[in-house]
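In what follows, a structure is listed as structure tokens, so that the remarks can point back to it.
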Amino acid sequence: MSDEKRRNYSEEEDMMLLRQVLGDRPFEAQRGKITGAWDALAAKLVAEDSFPRLKLSGKNAQSRFDKLVKTRRQENEESMAASGVSEEESEKA
Numbered sequence: 001m002s003d004e005k006r007r008n009y010s011e012e013e014d015m016m017l018l019r020q021v022l023g024d025r026p027f028e029a030q031r032g033k034i035t036g037a038w039d040a041l042a043a044k045l046v047a048e049d050s051f052p053r054l055k056l057s058g059k060n061a062q063s064r065f066d067k068l069v070k071t072r073r074q075e076n077e078e079s080m081a082a083s084g085v086s087e088e089e090s091e092k093a
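According to full-length UniProt numbering, the sequence shown is numbered sequentially starting from 1.
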């Protein structure tokens, strides 16, 4: 059993992941090469001195990105349902 504790992603980690995904666009890789593209993206993030995590797999990066997208879509749907509500957008949006 590993001594490492599971921890949540910080806002900073999410932003770094989103920026890297925007630059690399791993989801546009050819069929059969998507996993490799996500692995390469994760390796780039871990190699950055400013990225706090020491380990990150491509599968984990993809899963986190998918969760962020799903959350944002739900927020958009809720916002559209609530008429007359002003919204504040952040860079993460």
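Even for Gly, the Cβ is constructed at its ideal location relative to N, Cα and C.
- For residue 75, the enclosing alpha helix (DSSP H) stretches over residues 58–81.
- DSSP, read as helix, strand or coil, puts residue 13 in helix.
- Residues of the same chain with a CB within less than 7 angstroms of the CB of residue 17, apart from the 5 flanking positions on each side, are 45, 61, 64, 65 in chain order.
- Pairing residue 72 with residue 56, the inter-Cα distance amounts to about 22 angstroms.
- DSSP, read as helix, strand or coil, puts residue 44 in helix.
- Residue 37 is positioned such that its CB atom lies closer than 8 angstroms to that of residue 26.
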